[in-house]
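Enquirer:
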Amino acid sequence: MATDGKIKMRTPLVEMDGDEMTRIIWQMVKDDLILPCVDLRTEYFDLGLSHRDETDDQVTRDAAEATRRLGVAVKCATITPNAQRVEEYGLKRMWKSPNGTIRGLLDGTVFRTPIVVRGIEPQVRSWRRPITIARHSYGDVYQNAELRVDGPGTAELVFTGDDGTQARRTIHRFEGPGVIQGMHNLDASIRSFATSCFEYALSARQDLWFATKDTISKTYDHRFKDVFGEIFEDGYRERFAAAGIEYFYTLIDDAVARVMRSEGGFVWACKNYDGDVMSDMLSSAFGSLAMMTSVLASPQGQFEFEAAHGTVTRHYYRHLKGETTSTNSVATIFAWSGALRKRGELDGTPELTAFADRLERATIDTIEGGQMTGDLARITSLPNVQTLDTEGFILAVAKRLRA
Numbered sequence: 039m040a041t042d043g044k045i046k047m048r049t050p051l052v053e054m055d056g057d058e059m060t061r062i063i064w065q066m067v068k069d070d071l072i073l074p075c076v077d078l079r080t081e082y083f084d085l086g087l088s089h090r091d092e093t094d095d096q097v098t099r100d101a102a103e104a105t106r107r108l109g110v111a112v113k114c115a116t117i118t119p120n121a122q123r124v125e126e127y128g129l130k131r132m133w134k135s136p137n138g139t140i141r142g143l144l145d146g147t148v149f150r151t152p153i154v155v156r157g158i159e160p161q162v163r164s165w166r167r168p169i170t171i172a173r174h175s176y177g178d179v180y181q182n183a184e185l186r187v188d189g190p191g192t193a194e195l196v197f198t199g200d201d202g203t204q205a206r207r208t209i210h211r212f213e214g215p216g217v218i219q220g221m222h223n224l225d226a227s228i229r230s231f232a233t234s235c236f237e238y239a240l241s242a243r244q245d246l247w248f249a250t251k252d253t254i255s256k257t258y259d260h261r262f263k264d265v266f267g268e269i270f271e272d273g274y275r276e277r278f279a280a281a282g283i284e285y286f287y288t289l290i291d292d293a294v295a296r297v298m299r300s301e302g303g304f305v306w307a308c309k310n311y312d313g314d315v316m317s318d319m320l321s322s323a324f325g326s327l328a329m330m331t332s333v334l335a336s337p338q339g340q341f342e343f344e345a346a347h348g349t350v351t352r353h354y355y356r357h358l359k360g361e362t363t364s365t366n367s368v369a370t371i372f373a374w375s376g377a378l379r380k381r382g383e384l385d386g387t388p389e390l391t392a393f394a395d396r397l398e399r400a401t402i403d404t405i406e407g408g409q410m411t412g413d414l415a416r417i418t419s420l421p422n423v424q425t426l427d428t429e430g431f432i433l434a435v436a437k438r439l440r441a
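In this note's numbering, the protein residues as written are 39 to 441.
Put into structure tokens, the structure is as follows:
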């Protein structure tokens, strides 16, 4: 603890600023919750869309490299531009998703977990504990190749080895117009995904579920199943047994049915698209995306913490007009607390870890005490709640934190 009462940090963490309403919230959280208590040390990167465009997205790659070097990062939500955004911001090009770029450079897996508070009950009555989604972050439909065919013809899947050998499979004989899609993945990426999932389950002391559709995709999906099984048998079976947890594989449709009947409290590993869909389902069932943490973990032990939701564009436009907003900042607060906690764990500074715990407790106590933003006030079972605006909620958390 510093002489001025602020908690000292031994090592900086990477700070990635973002876009729109979440950028506004980002500064409020720093000013009202972090800086009064922590002598904050960060390496700052502006990942706002305009600055990404100015740097030809080099700033995103630099932020990922800094995360590789420092080990811990915290990221604000950012815009992934579409055609409308290209015109709105006058962009040079339609830049890729910063999250996708960072995931690819760190070879990371995304773990998303609902933030559970009293008064915001899950829509699935049997769920008693949070379910963490582990989403593979490489390949599949997100890095596909597509073709629109206009008439009759034969589509083939062809692989040409560097030695000149070829493997060919007929995809379909078209008698009329249609579409074709090709996807890929890498053994190395699947192994990193599996390793990250096993390590995360051990650290959380929770069962790990993994699901694909290997009965239909007998080569592509089956490769995922095989790699998970090999890595579990080679390095994790005994460790899981010692921790009192299990690894469980099933088909994705069976997993969905089992999840809906479960009590929760496990890690659910999914391929890229499955994880994208199921994390949104879980977040809605547990409350909202604003009540969900998102952690990118690499096999080398680097961590990036962020909110699971987007930049809250609609609220941002209202903010620009001077109108009052009631934007939920909980996931952003937990992104900061998660990064500070991990920094404290890695640096051996328990006072920083304890502060992260207090910040999260103050946030939860504020909601359970009946003070919350409009999205939660509409779904809570608590009586006589007070709906606060964006800044009002953060200040209410700050009051509890000081107490």
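The beta carbon of each residue, even a glycine, is placed where N, CA and C say it ideally should be.
#1: Helix, strand or coil for residue 209? Go by DSSP, reduced to three states.
#2: Taking 7 angstroms as the limit between beta carbons, can you name the residues of its chain near residue 238, skipping five residues before and five after?
#3: What's the C-alpha gap between residue 67 and residue 129?
#4: What residue range does the alpha helix (DSSP H) around residue 285 cover?
#5: Residue 307 bridges to which residues according to DSSP?
#6: Can the beta-carbon of residue 387 be found less than 8 angstroms from the beta-carbon of residue 57?
#7: Taking the straight line between their C-alpha atoms, what separation do you get for residue 303 and residue 337?
#8: Is there a Cβ from chain B that is less than 8 angstroms from the Cβ of residue 390?
#9: Roughly how many whole angstroms lie between the Cα atoms of residue 391 and residue 79?
#10: Following the continuous alpha helix (DSSP H) through residue 186, name the residue where it begins and the one where it ends.
#11: So who's on the other strand from residue 52, going by DSSP bridges?
#12: How is residue 330 classed by DSSP in three states: helix, strand or coil?
#13: Between which residues of its own chain and residue 217 is the CB-CB distance below 6 angstroms, once the five residues before and five after are set aside?
#14: Using DSSP with H/G/I as helix, E/B as strand and the rest coil, what is residue 152?
#15: Should residue 53 be labelled buried (16 or more other beta-carbon atoms within 10 Å of its own) or exposed?
#16: Roughly how many whole angstroms lie between the Cα atoms of residue 157 and residue 282?
Expert: Looking at the coordinates:
#1: strand
#2: 149, 172, 305, 335
#3: 29 angstroms
#4: Note, residue 285: premise wrong, no alpha helix (DSSP H); beta strand (DSSP E) at 285 to 289.
#5: Answer by DSSP bridge pairing, in chain order: 172, 248.
#6: No.
#7: 23 angstroms
#8: The chain inventory of the structure shown lacks chain B, comprising one protein chain alone.
#9: 15 angstroms
#10: Counting along the chain, residue 186 falls outside any alpha helix (DSSP H), though it belongs to the beta strand (DSSP E) covering 183 to 187.
#11: 81, 111
#12: Strand.
#13: 186
#14: strand
#15: With a 10 Å radius around the Cβ and a threshold of 16 neighbouring Cβ atoms, residue 53 comes out buried.
#16: 31 angstroms
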